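Presented below is the structure to which this report refers.
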Amino acid sequence: MQVSLHSVYSGYVREVIFDGTLYDEVLAKDHRCYQRSEQKTDEFNSSSFYAMRTRWKRYHDLYEEQETMNVDGVLLQSIARGLGNMQNISSIVYSPHQHAIPVERKTLRDLLTRGALPGRLGKNRTTSWDHPFRQLIGAVFMSEYAGIRQLTIEAPREGHSCTELSLEMFRFPESNDLLAVKHLFRRLVRLNFNLSILNTQTRDLHPPTNIDPPTRQLENLAKVLGAAQDLRHLSFGILDWKHLHEPMWDGGSIPEERSIVDFIGLGATWPKLRSLRLEGIYAREQDLCQVITRHKETLRSVIFAKSTLCTGLWIEVVNEVVFNASMITTFVLDNVNEDAGAWSAQADTRTKRMLGYEGHLVVEKDGDREFVDTNPDKLSVKNDRHLVRWE
0 MQVSLHSVYS
10 GYVREVIFDG
20 TLYDEVLAKD
30 HRCYQRSEQK
40 TDEFNSSSFY
50 AMRTRWKRYH
60 DLYEEQETMN
70 VDGVLLQSIA
80 RGLGNMQNIS
90 SIVYSPHQHA
100 IPVERKTLRD
110 LLTRGALPGR
120 LGKNRTTSWD
130 HPFRQLIGAV
140 FMSEYAGIRQ
150 LTIEAPREGH
160 SCTELSLEMF
170 RFPESNDLLA
180 VKHLFRRLVR
190 LNFNLSILNT
200 QTRDLHPPTN
210 IDPPTRQLEN
220 LAKVLGAAQD
230 LRHLSFGILD
240 WKHLHEPMWD
250 GGSIPEERSI
260 VDFIGLGATW
270 PKLRSLRLEG
280 IYAREQDLCQ
290 VITRHKETLR
300 SVIFAKSTLC
310 TGLWIEVVNE
320 VVFNASMITT
330 FVLDNVNEDA
340 GAWSAQADTR
350 TKRMLGYEGH
360 LVVEKDGDRE
370 FVDTNPDKLS
380 VKNDRHLVRW
390 E
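Quick note: the sequence shown uses numbering that gives the first Met the number 0, first residue 0, plus one each step.
And the structure:
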């Protein structure tokens, strides 16, 4: 608020970085859990129970402040007023990691980092439907702010405490929720979106049979992505696809007449799309070929990373780009395969090492187009299948 009210500084703000990390409810309510977590980090040298208790009490108070702020509407109103005074903001970043601002560094210097500790599936590992980030979205809608052109949902860094943005954010209990998110997406030009499927809010509290199916959230995600008709650059990654549920992991729950890509919200047509990166996707050959076909007049760059085809061959996707999408000049396969088992925990080390195609498109000065493998230690995407060179 101080920056937004400053006569000079308010005009310089171009980007909002939203720290999505949350204090852990279990740690905040039980000093013994907090103490055990401290001991695991090896960052706290003091063996004094009273020193630990003082730190825990501070953590507890900050947790209570967090919960109060999320329900009393203060955060929503503050952000809305700030946006009204800072009309040059064009970018929003959701960060899954802690960003301590100067005024809170002294308070946080000897506390456990916000967010779920590495390897822990606590309630703060992923965002719930009422996560504070929703209040930022609501503030953009309430203030009718129309200047956001770029949205980045960062992927978590391995080995760091984090609160990942999850599919639960697309559970819209209120009638205006869908309208608010569409308002944010409608004018986006660049979207870098990393989505977690863990859904720990229900995984920790109920047996697996009671976990709400994600179908409705996926439908809402599709509606939101479809509203982003000004998109020129889209990077979309899914974390932990297999947690949607097991039948979907092998494609069994997707009706034959529906595209898996459509099911996860990527079935829209973006008339201005120039670059596309998909990561962590599980799809059929025809799904990806259709995405390319729909956008072949505008696309210039396509990257598929760490993705698996449940049916079909990557060579057919390569052929679609090489022969039928001449406007695409950058095309990369980064560790993709045709075998779902290669990504599962049950796959043996030898199989994981062998599978995973890597290669890129080469366009010569005379217009010749050829897809070349880039890792001699891995199988060729051609795999002894005939690939005609484009002349």
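Glycine included, every Cβ here is placed at the ideal spot set by N, Cα and C. Quantities reported herein were computed from a predicted structural model and do not represent experimental measurements.
Bridge partners of residue i, per DSSP?
| i | result |
| --- | --- |
| TYR356 | VAL335 |
| ALA115 | CYS161 |
| VAL102 | DSSP output for VAL102 lists no bridge partner at all. |
| HIS232 | ARG189, SER274 |
| PHE149 | Correcting the residue type first, residue 149 is Gln in the shown sequence and not Phe. BP columns for GLN149 point to SER90, ARG189. |
| TYR144 | DSSP lists no partner for TYR144. |
| VAL371 | HIS359 |
| GLU14 | SER90 |
| THR125 | GLU163 |
| ILE237 | LEU194 |
Leaving aside the five residues before and after residue i along the sequence, list all residues of the same chain whose C-beta is less than 7 angstroms from its C-beta, in chain order.
| i | result |
| --- | --- |
| TYR144 | LEU82 |
| HIS159 | HIS96, PRO117 |
| GLY17 | With the sequence shown as reference, residue 17 is identified as Phe, and Gly is not the correct amino acid for it. Correct list, in chain order: ILE91, VAL92, TYR93, SER94, PHE132, LEU135. |
| CYS288 | GLU315, VAL316, GLU319 |
| ALA138 | LEU75, ILE78, ALA79, LEU82 |
| LYS381 | ILE314 |
| LEU272 | LEU230, ARG231, LEU233, HIS294, THR297, LEU298 |
| GLY279 | GLY236, ILE237, LEU238, TRP240, LYS305, SER306 |
| SER258 | GLY266, ASP286, GLN289 |
Does the Cβ of residue i have 16 or more other Cβ atoms within 10 Å, making it buried, or fewer, making it exposed?
| i | result |
| --- | --- |
| PRO95 | buried |
| PRO213 | buried |
| MET326 | exposed |
| HIS182 | buried |
| VAL260 | buried |
| THR20 | buried |
| HIS98 | exposed |
| PRO101 | exposed |
| LEU178 | exposed |
| PHE262 | buried |
| GLY366 | exposed |
| ASN336 | buried |
| PHE48 | exposed |
| VAL321 | buried |
Between residue i and the rest of its own chain, which residues show a CB-CB distance below 8 angstroms, the 5 nearest in sequence each way excluded?
| i | result |
| --- | --- |
| VAL362 | THR328, ARG368 |
| TYR11 | ASN87 |
| VAL15 | ILE88, SER90, ILE91, VAL92, LEU135 |
| LEU187 | ILE147, ARG148, GLN149, LEU150, ALA227, ASP229, LEU230 |
| ASP109 | PHE43, ARG54 |
CA-CA distance, residue i and residue j?
| i | j | result |
| --- | --- | --- |
| THR162 | PHE370 | 39 angstroms |
| LYS305 | PHE171 | 30 angstroms |
| ASP229 | LYS222 | 15 angstroms |
| LEU120 | THR126 | 12 angstroms |
| VAL301 | LEU360 | 10 angstroms |
| THR201 | ALA50 | Because THR201 sits at a pLDDT of 46, beneath the cut-off of 50, its placement in the model cannot be relied upon, and the following sentence gives the value as read from the coordinates. Roughly 34 angstroms separates the two Cα atoms. |
| THR307 | ILE237 | 12 angstroms |
| GLN76 | ARG57 | 26 angstroms |
| TRP269 | ARG189 | 12 angstroms |
| ASP29 | GLU103 | 23 angstroms |
| GLY146 | ILE78 | 15 angstroms |
| LEU107 | ASP286 | 47 angstroms |
| ASN374 | GLU357 | 6 angstroms |
| GLN216 | ILE196 | 11 angstroms |
| TYR281 | ARG293 | 19 angstroms |
| ALA267 | ASP376 | 37 angstroms |
| SER274 | GLU296 | 12 angstroms |
| PHE184 | ASN175 | 15 angstroms |
| GLN38 | ALA115 | 15 angstroms |
| GLN34 | ILE291 | 53 angstroms |
| CYS32 | LEU277 | 39 angstroms |
| THR40 | THR112 | 10 angstroms |
| VAL331 | TRP313 | 12 angstroms |
By Cβ distance below 6 angstroms, which residues in the same chain neighbour residue i in space, the five residues on each side in sequence not counted?
| i | result |
| --- | --- |
| ILE152 | TYR93, LEU164, PHE192, ASN193 |
| TYR62 | TYR22, ALA27 |
| TRP128 | GLU167, ARG170 |
| GLY264 | LEU220, ALA221, LEU224 |
Spell out whether any CB of chain B is found under 8 angstroms from the CB atom of residue i.
| i | result |
| --- | --- |
| VAL380 | Absent from the structure is chain B; it holds one protein chain and no more. |
Tell me the start and end of each unbroken alpha helix (DSSP H) in the stretch 41 to 87 that is at least 4 residues and wholly inside, in chain order.
The qualifying runs are 48 to 70, 73 to 84.
If we require 4 or more residues per run, which alpha helix (DSSP H) segments fall completely within the stretch 280 to 341?
284 to 293, 313 to 323, all fully within the stretch 280 to 341.
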